[in-house]
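Quick notes on the structure that follows.
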Amino acid sequence: MERDGAARPTARLGPVTRSRVRRVSGSAVRDRRDDLATEEPLEIRLLAGGESRTVAITMRTPGADFELAAGFLHGEGIAGPGDIAAIGYCTDEDLDPEARYNTVTVRLAASRLPDLGATARNFLTSSACGVCGTASLDALRDRCAVPAARPPVAVPATTLYGLPDRLREAQGVFGRTGGLHGAGLFTPDGTPLAVREDVGRHNAVDKLVGWALLGGRTPLDRHVLLVSGRVGYEIMQKAASAGIQIVCAVSAPSSLAVDLAREFGITLVGFLREERFNIYACPERIEVGRIEVEQAAGTP
């Protein structure tokens, strides 16, 4: 796969933006400059057979944009391994230089654009909640049927305990701004393979999947995904599409995330912090000690 690089845009925003703030602490007031996490729109275009089409506009933190585009297309079932011929920033002369860095064109290997009827929806997304109002659960079932046999993978509970710290240590921009979510891919022994940051945790996951897709590392059925914050339907959808078997979050899962994990046989761990966590689906992949069953009061 090529990376289109001719006629590069000339202006590019980074993941951090400097801003003047007024800090109040008790009776002390001080004006100073501070670092903010950059949030900018990214338009994702498909190109095939000389025809172009915009398929998504998402709010994101600049950086790993090609991975974000590839991961998004993979998660939506639009483009998978081998479908992408080239990817690059838009070079349209009618766009100002800054806008060109906010538009990614994905050139497909096919001779024409795919029929998006089965997955058509409003692809205007936000950094906060991913693609909202989706009704694509049936389409996800069609393309992510649970395999008859998956390679066995097991992770000790003691390995999970260390993952949040490893994720945080790799979040360089979060350390400066405090304003980004993180997502990391780990091996079953806890080795970090890749960490991505973004104002939207679903974007961070797309960047990870895109990293794997563009590097020929899919499927990810021998990996653990950890996300900062909560986990909802969108992240579980992306995990299922990538074949990830274990998803962990430092906060709570939604009810639909749990339903999806159980349906697709994905181990779902929530509230992973301070050497404790909850397992909401498929607990057999997590190696724990003796299990005590707590009974409700009045239950024999």
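Heads up, the sequence shown is in the numbering used here, so the first residue is 207 and it goes up one at a time. Note that beta-carbon positions come from the ideal geometry of N, C-alpha and C, so glycine has one too.
Own chain partners of residue i with C-beta closer than 8 Å, once the 5 adjacent residues on each side are dropped
i      : result
ARG423 : TRP417
GLY435 : HIS387, ARG407, ALA455, VAL456 and SER457
LEU242 : VAL222, THR223, ARG224, SER225, THR383 and GLY385
GLY421 : none
LEU314 : LEU252, LEU253, ALA254, ALA285, ASP289, ILE290, ALA291 and PRO320
ILE472 : MET442, ALA445, ALA446, ILE450, GLN451, ILE452, VAL453, LEU466, ALA487 and CYS488
Strand pairing of residue i, partner residues [DSSP]
i      : result
VAL361 : ILE492
THR424 : Paired residues: none, contrary to the question.
VAL312 : LEU252 and ILE293
GLY476 : ASN484
ARG436 : Paired residues: none, contrary to the question.
Beta strand (DSSP E) segment containing residue i, residue limits
i      : result
THR383 : THR383 -> not in any beta strand (DSSP E); alpha helix (DSSP H) instead, spanning 378 to 383.
ILE485 : 482 to 487
ALA389 : 387 to 392
CB contact check: residue i to chain D, cutoff 9 Å
i      : result
VAL359 : Absence of chain D from the displayed structure is noted, only one protein chain being present.
Same chain only: Cβ atoms within 6 Å of residue i, ignoring 5 sequence neighbours per side
i      : result
ALA360 : ARG491 and GLU493
GLY449 : PRO425, LEU426 and ASP427
ILE377 : The sequence shown places Gln at residue 377, not Ile. Here the set comprises GLY388 and GLU403.
GLU481 : TYR367
Sequence-distant residues of the same chain with beta carbon closer than 7 Å to residue i, five excluded per side
i      : result
ALA354 : Note on ALA354: pLDDT 48, under 50, position unreliable in the model; the coordinate value appears next. None.
SER317 : ALA254 and GLY255
LYS413 : ALA270, GLU273, LEU274, GLY277, ARG402 and ASP404
LEU419 : ALA276, GLY277, HIS280 and PRO287
Unbroken alpha helix (DSSP H) run spanning residue i, endpoints
i      : result
ASP371 : 369 to 375
VAL415 : 407 to 420
ASP465 : 461 to 470
GLU304 : 303 to 306
ILE441 : 439 to 448
Runs of 3 residues minimum, wholly inside the segment 244 to 284: which ones carry the beta strand (DSSP E) assignment? 246 to 254 and 257 to 266
Does the segment 456 to 471 come into contact with the segment 285 to 305, if we say contact requires no fewer than three beta-carbon pairs (one atom in each stretch) closer than 8 Å? no
The segment 235 to 255 touching the segment 265 to 283, judged by at least three CB pairs closer than 8 Å: yes
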